[in-house]
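These notes concern the structure reproduced below.
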Amino acid sequence: MNLILLGAPGAGKGTQAVRLAAKLNIPHISTGDIFRKNLKEGTPVGLKAKAYIDKGELVPDEVTVEIVRLRLAEDDCKKGWLLDGFPRTIAQAGALDKIAKIDAVINLDADLTKLIERLTGRRVCGACGESYHVDTYSKTECAKCGGKIIRRDDDNPQTVESRLNVYTAQTEPLIAYYAAKGVLKTVDGMKPIDAVTAQIYGALGV
Ligand code: AMP
129 MNLILLGAPG
139 AGKGTQAVRL
149 AAKLNIPHIS
159 TGDIFRKNLK
169 EGTPVGLKAK
179 AYIDKGELVP
189 DEVTVEIVRL
199 RLAEDDCKKG
209 WLLDGFPRTI
219 AQAGALDKIA
229 KIDAVINLDA
239 DLTKLIERLT
249 GRRVCGACGE
259 SYHVDTYSKT
269 ECAKCGGKII
279 RRDDDNPQTV
289 ESRLNVYTAQ
299 TEPLIAYYAA
309 KGVLKTVDGM
319 KPIDAVTAQI
329 YGALGV
């Protein structure tokens, strides 16, 4: 199955993507993770993306689409894939339509006013990417892999505000785009994590 997880920053895409990809045994492709890896390694793509990520703006479509096009051409994608954080613009969605057929788009519906608190309090494992929240997890090491817990640079209040504005202006229109194609499945992303997972599995019949 070729799947997309759509939703605002902090709606839970990353958390749900890890579960869904494992269940379906397909690769989880997060453009945010790819950019962060490039940033860490100091590649030309990482250097180009840094200014946009720091400001909470979108990396230009041509850069992002090319990264996804190359990733989807890899061998492990032959059995299907799950995109997380892509597409984020109508232009990206149009480019993706030319690359592959989409079987379903899961939209994680979320209350944007509550996401500010979720994102600014979010902590992640620098090694495996597991997400936590400062209110419920105060340890400095990841419970899953022992990696160091960090705060993403772009989870500061100013950048979070910009990311949510960018979502509303550029990404939210994708809900109507995929609804018109008849592939959209919306679930309530504000429910507890396990309940959201159950809704997603139910919507996909897996
Ligand atoms: P994420 O981890 O999905 O929240 O992405 C972090 C940052 O990476 C975003 O705020 C953007 O700057 C950049 N980014 C990730 N995915 C995309 C995309 N599909 N298009 C443009 N920029 C992206």
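Offset between the sequence shown (1-based) and our numbering: plus 128. Note that CB positions come from ideal geometry on N, CA and C, so glycine has one too.
Cutoff 6 Å; reference residue i; Cβ partners in own chain excluding five residues on either side
| i | result |
| --- | --- |
| Ile157 | Arg199, Trp209, Leu211 |
| Cys273 | Ala255, Cys256 |
| Asp204 | Pro155 |
| Ala228 | Asn130 |
| Thr299 | Arg216 |
| Gly138 | Leu243, Arg246, Leu247 |
Chain-order list of residues whose beta-carbon lies under 8 Å from that of residue i (same chain, five-residue window excluded)
| i | result |
| --- | --- |
| Val191 | Val173, Lys176, Ala177 |
| Val315 | Ile234, Asn235, Leu236, Asp237, Val324, Gln327, Ile328, Ala331 |
| Ile303 | Leu134, Asn235, Leu312, Thr314 |
| Met318 | Asp237, Ala238, Asp239, Lys242 |
| Ala221 | Pro215, Leu302, Tyr305, Tyr306 |
| Glu194 | none |
Distance between residue j and residue i (C-alpha atoms, nearest Å)
| i | j | result |
| --- | --- | --- |
| Thr159 | Leu332 | 23 Å |
| Ser266 | Ile278 | 11 Å |
| Pro301 | Ser259 | 27 Å |
| Lys165 | Ala179 | 15 Å |
| Lys151 | Pro320 | 19 Å |
| Gln286 | Pro188 | 21 Å |
| Asn153 | Lys206 | 12 Å |
| Leu240 | Tyr305 | 20 Å |
| Thr248 | Glu289 | 10 Å |
| Gly254 | Thr296 | 28 Å |
| Val294 | Thr268 | 31 Å |
| Val196 | Thr143 | 20 Å |
| Asp322 | Asn284 | 27 Å |
| Leu224 | Glu245 | 32 Å |
| Arg147 | Leu167 | 25 Å |
| Ala219 | Lys226 | 11 Å |
| Glu169 | Ala308 | 40 Å |
| Thr171 | Leu186 | 18 Å |
Anticipated Cβ contact below 8 Å, residue i with residue j, distance rounded
| i | j | result |
| --- | --- | --- |
| Arg251 | Val262 | 6 Å |
| Val70 | Ile230 | No information on residue 70 is available, as it lies outside the stretch 129 to 334 that the chain covers here. |
| Ile181 | Asp282 | 6 Å |
| Met129 | Ala232 | 7 Å |
| Arg291 | Gly184 | 4 Å |
Proximal residues to residue i (C-beta, below 7 Å), its chain only, five neighbours per side dropped
| i | result |
| --- | --- |
| Ala149 | Pro155, His156, Leu210 |
| Lys141 | Leu133, Gly135, Asp212, Gly213, Leu236 |
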